[in-house]
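Only one structure is covered here, and it is reproduced in the block below.
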Amino acid sequence: MTMSVGGLISGMDTSSLVSQLLQAEAAPQTALKSRLTKTQTAASAYRTVNTTMAAVRAAAESLTATSITSARTAASSNPNVTASASAAATKGSKVTFTVTALASTHTLATSAAWTAPGDDVTLHGPDWPITIYDAAKNVALGTVSLPAAPAVTSLADAAKAINTANLGVSAAVLSTSDGYKLQLTSAKGGEAGALRIVGADEDPLTGGAHFLETSPAKDATLDLGGGQIAKSGTNTFAELLTGLSVTVSTADTKPATVTVGSDPAGVATKVQALVDAVNSALTNVKTYSSNAPGSTATLKGDFSLSSLAGEMLQAVSSAVGADGSPAKVGFQLTKDGKITFDKAKFTAALEATPELAQRMIGGTPAVTGPPAVAAVPGVATRLFDVAKAASDSTTGSLVALANGKDSLVKDLQGRIDSWDLRLAKRKEMLNRQFSAMETALSSLKNQSTWLAGQINSLPTG
Numbered sequence: 008m009t010m011s012v013g014g015l016i017s018g019m020d021t022s023s024l025v026s027q028l029l030q031a032e033a034a035p036q037t038a039l040k041s042r043l044t045k046t047q048t049a050a051s052a053y054r055t056v057n058t059t060m061a062a063v064r065a066a067a068e069s070l071t072a073t074s075i076t077s078a079r080t081a082a083s084s085n086p087n088v089t090a091s092a093s094a095a096a097t098k099g100s101k102v103t104f105t106v107t108a109l110a111s112t113h114t115l116a117t118s119a120a121w122t123a124p125g126d127d128v129t130l131h132g133p134d135w136p137i138t139i140y141d142a143a144k145n146v147a148l149g150t151v152s153l154p155a156a157p158a159v160t161s162l163a164d165a166a167k168a169i170n171t172a173n174l175g176v177s178a179a180v181l182s183t184s185d186g187y188k189l190q191l192t193s194a195k196g197g198e199a200g201a202l203r204i205v206g207a208d209e210d211p212l213t214g215g216a217h218f219l220e221t222s223p224a225k226d227a228t229l230d231l232g233g234g235q236i237a238k239s240g241t242n243t244f245a246e247l248l249t250g251l252s253v254t255v256s257t258a259d260t261k262p263a264t265v266t267v268g269s270d271p272a273g274v275a276t277k278v279q280a281l282v283d284a285v286n287s288a289l290t291n292v293k294t295y296s297s298n299a300p301g302s303t304a305t306l307k308g309d310f311s312l313s314s315l316a317g318e319m320l321q322a323v324s325s326a327v328g329a330d331g332s333p334a335k336v337g338f339q340l341t342k343d344g345k346i347t348f349d350k351a352k353f354t355a356a357l358e359a360t361p362e363l364a365q366r367m368i369g370g371t372p373a374v375t376g377p378p379a380v381a382a383v384p385g386v387a388t389r390l391f392d393v394a395k396a397a398s399d400s401t402t403g404s405l406v407a408l409a410n411g412k413d414s415l416v417k418d419l420q421g422r423i424d425s426w427d428l429r430l431a432k433r434k435e436m437l438n439r440q441f442s443a444m445e446t447a448l449s450s451l452k453n454q455s456t457w458l459a460g461q462i463n464s465l466p467t468g
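The opening position of the sequence shown corresponds to residue 8 in the numbering used here, with each subsequent residue numbered one higher.
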């Protein structure tokens with residue numbers, strides 16, 4: 008590395024001169040850096056718009072995956088009973104019942120107690136190894152032995168051995184007023200999870216006296232009337248009716264009635280979410296691509312973005328086959344290029360003519376025939392297609408544009424780095440040249456001084 012002390016002999020500020028020369032020669036690199044910043048900003052802008060288009064895609068998909076007219080609600084007359092209904096549930100179906108029992112999970116604890124968790128587990132029964140039985144089926148789930156080391160196996164070590172065996176039982180050390188006990192809990196709820204723990208000192212058929220039941224293996228039970236009973240190992244009854252799941256929280260003598268209904272408000276909320284997502288995407292497109300006079304938008308006049316906005320607006324405004332304009336179910340375009348949605352109008356249409364609302368939103372599937380009939384996409388289907396074409400992680404147009412900018416950023420950064428090396432070498436060369444000049448000037452000055460001395464020493468007469 009060359010060091011220089013500027014202008015000691017020449018009187019010139021050579022350091023400043025080198026800086027000015029390098030600044031002039033770095034003009035191409037400065038242009039590259041400016042282009043790099045703009046390219047990075049453009050990539051970020053494409054990704055921001057892509058995020059909003061992905062939101063449009065998700066919102067649209069929620070309205071195309073299933074028939075919107077099949078959306079269901081479940082209402083319970085008892086606050087201690089909650090219910091949910093899927094599209095498979097039948098509108099108007101209901102069930103009445105009384106909750107006679109809640110589910111509980113079988114839990115056992117040793118009858119003996121230890122002074123501390125670290126005490127030797129063999130001080131009290133059962134004798135080891137122990138065998139864990141499925142009491143409901145009277146089938147052995149497996150045997151658990153104490154570890155060979157350490158020499159004294161503690162209560163905590165025994166619990167760990169049971170858990171490691173993975174027999175559908177969890178073990179823990181229980182602290183009680185009598186001392187510490189070994190507690191075992193079934194992984195299954197209800198009657199199907201009943202356990203029996205037999206020590207090596209007990210008869211396999213009748214053993215189990217070393218453990219006491221602290222929580223019974225009990226199913227949740229519903230009295231449906233007419234001698235009909237429903238049972239569940241948990242407090243949730245899946246598919247109590249087709250598509251209807253019920254969860255109970257309290258045993259109650261008061262009957263509960265659960266009724267399945269349609270869910271027009273829920274569907275309208277989903278459609279509103281789709282409209283909001285589209286408007287958000289339109290706002291982002293306008294922000295980043297505005298071509299208005301004086302606009303400083305990052306992607307000013309970008310054709311791909313303006314086309315995307317046009318496709319979304321067309322998806323909402325174009326007629327849906329023979330059913331006509333989506334305005335029939337509450338969609339409208341505004342003068343500033345946004346979408347409005349009349350929730351009340353849509354809900355009324357969904358209740359009065361559900362088939363029309365379904366076709367407007369989800370479209371009509373193709374019919375193979377004969378005669379064959381082509382599919383007619385609805386508003387949500389069309390928006391989904393537009394959003395997917397833009398935001399798909401593999402084939403999306405916005406993803407491709409952002410990735411293209413990333414590639415350009417990489418190329419520009421490489422060229423900038425090359426310029427750094429070039430300018431560093433140029434600086435080193437200039438410093439050497441000016442240093443050589445200073446050295447030469449110093450030599451000339453010394454020679455001049457010597458000559459002047461020689462001349463002055465010559466005889467004058």
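For every residue, glycine included, the Cβ atom is placed at its ideal position computed from N, Cα and C. Being a predicted model, the structure only gives us computed values, none of them experimental.
At which residues does the alpha helix (DSSP H) containing Lys277 begin and terminate?
First-last of the alpha helix (DSSP H) with Lys277: Pro271 to Ser296.
Where does the unbroken beta strand (DSSP E) through Gly149 begin, and where does it stop?
Note, Gly149: beta strand (DSSP E), Val146 to Val151.
By a C-beta neighbour count over all protein chains shown, 10 Å radius and 16 as the cutoff for buried, is Met10 buried or exposed?
Note that Met10 scores a pLDDT of 45, beneath 50, so its modelled location is shaky and nothing firm can be said.
For Leu7, which of Val102, Ala447, Ala407 and Ala397 has the nearest alpha-carbon?
Since the displayed the chain opens at 8 and closes at 468, residue 7 lies outside it and no answer follows.
Around the C-beta of Arg64, are 16 or more other C-beta atoms found within 10 angstroms, so that it is buried, or is it exposed?
Under this definition Arg64 is a buried residue.
Identify whether Val534 lies in helix, strand or coil by the three-state DSSP scheme.
The chain is shown only over 8 to 468; residue 534 falls outside these bounds and no answer can be derived.
For Ser69 and Leu390, I'd like the C-alpha separation in whole angstroms.
When rounded, the distance between both Cα atoms is 12 angstroms.
DSSP three-state call for Lys261: helix, strand or coil?
Note: Lys261 maps to strand in three-state DSSP.
Sort Val278, Glu220, Gly273 and Leu458 by Cα distance to Gly200 and report the nearest one.
Per the Cα distances, Glu220.
According to DSSP, Asp230 sits in a beta bridge with which residue or residues?
Paired residue(s): Thr105 and Ile236.
Quick one: what's got a C-beta closer than 8 angstroms to Asp127's C-beta in the same chain, skipping five residues either side?
Closer than 8 angstroms at the Cβ level, and outside the excluded window around Asp127, lie Val159, Thr160 and Ser161.
Taking DSSP's pairing of strands, which residues face Trp426 in a bridge?
Per DSSP, none; premise fails for Trp426.
From this set, Leu115, Leu428 and Val176, which residue's C-alpha is nearest Phe218's C-alpha?
Closest by alpha carbon: Leu115.
For Asp330, write down the residues that DSSP places opposite it in a beta bridge.
Paired residues: none, contrary to the question.
Which two residues bound the contiguous beta strand (DSSP E) that contains Glu246?
First-last of the beta strand (DSSP E) with Glu246: Thr243 to Leu248.
Starting from Val63, trace the alpha helix (DSSP H) both ways and give me its first and last residue.
Ala34 to Thr71 is the span of the alpha helix (DSSP H), which, as asked, contains Val63.
Tell whether a beta-carbon distance below 7 angstroms holds between Ala194 and Gly175.
Contact flag set, yes.
For the segment 103–123 against the segment 229–241, are there 3 or more C-beta pairs whose distance is under 8 angstroms?
Taking 8 angstroms as the limit for Cβ pairs, the verdict is that the segment 229–241 does touch the segment 103–123.
By Cβ distance, which residues of its chain are closer than 7 angstroms to Gly460, with the 5 residues on each side in sequence left out?
Excluding residues within five positions, none has a Cβ falling inside 7 angstroms.
Grab the span of the beta strand (DSSP E) containing Val253 for me, first residue to last.
Unbroken beta strand (DSSP E) run through Val253: Leu251 to Val255.
Which runs of the alpha helix (DSSP H) at least 4 residues long sit entirely within the segment 359–427? Give them in chain order.
As far as the segment 359–427 is concerned, its whole alpha helix (DSSP H) runs of at least 4 residues are 361–369 and 386–398.
Note the first and the last residue of the continuous beta strand (DSSP E) segment covering Thr92.
What sits at residue 92 in the sequence shown is Ala, not Thr. Unbroken beta strand (DSSP E) run through Ala92: Val88 to Ala92.
What separation, rounded to the nearest whole angstrom, lies between the Cα atoms of Ala52 and Lys412?
Approximately 11 angstroms, taken between the alpha carbons.
Would you call the CB atoms of Val88 and Val267 closer than 7 angstroms?
No, Cβ-Cβ distance for Val88 and Val267 is not below 7 angstroms.
Is Gly200 helix, strand or coil when you go by DSSP?
Reduced to three states, the DSSP call for Gly200 is helix.
Return the Cβ separation of Thr354 and Ala275 in integer angstroms, given the expectation that the two are a contact with Cβ distance under 8 angstroms.
Indeed, because the Cβ distance is near 5 angstroms, the residues count as touching under 8 angstroms.
Are there three or more Cβ pairs, one per stretch, closer than 8 angstroms when the segment 323–339 is compared with the segment 359–372?
Short answer: they touch.
State the DSSP-derived secondary structure class of Gly460, mapped to helix, strand or coil.
In the structure shown, Gly460 sits in a helix (DSSP, three-state: H, G or I).
Go ahead and label Thr228 buried or exposed: buried means 16 or more other beta carbons lie within 10 angstroms of its beta carbon, across all protein chains shown.
Per the 10 Å Cβ criterion, buried.
Do you know offhand how far Ile137's Cα is from Thr192's?
Between Ile137 and Thr192, the C-alpha separation is close to 15 angstroms.
According to the neighbour-count rule (16 or more other Cβ atoms, all chains shown, within 10 Å of its Cβ), is Val12 buried or exposed?
Note that Val12 scores 45 on pLDDT, short of 50, meaning its location in the model is unreliable; the coordinates nonetheless yield the value given after this. Result: exposed.
Quick one: what's Ile169 bridged to in DSSP?
In DSSP, Ile169 forms no bridge with anything.
My understanding is that Ser296 touches Ala304, with C-beta atoms under 8 angstroms, so please give their C-beta distance in whole angstroms.
Indeed they touch by this definition, with Cβ atoms about 6 angstroms apart.
The alpha helix (DSSP H) spanning Ala322 covers which residue range?
Residues Phe310 to Ser324.
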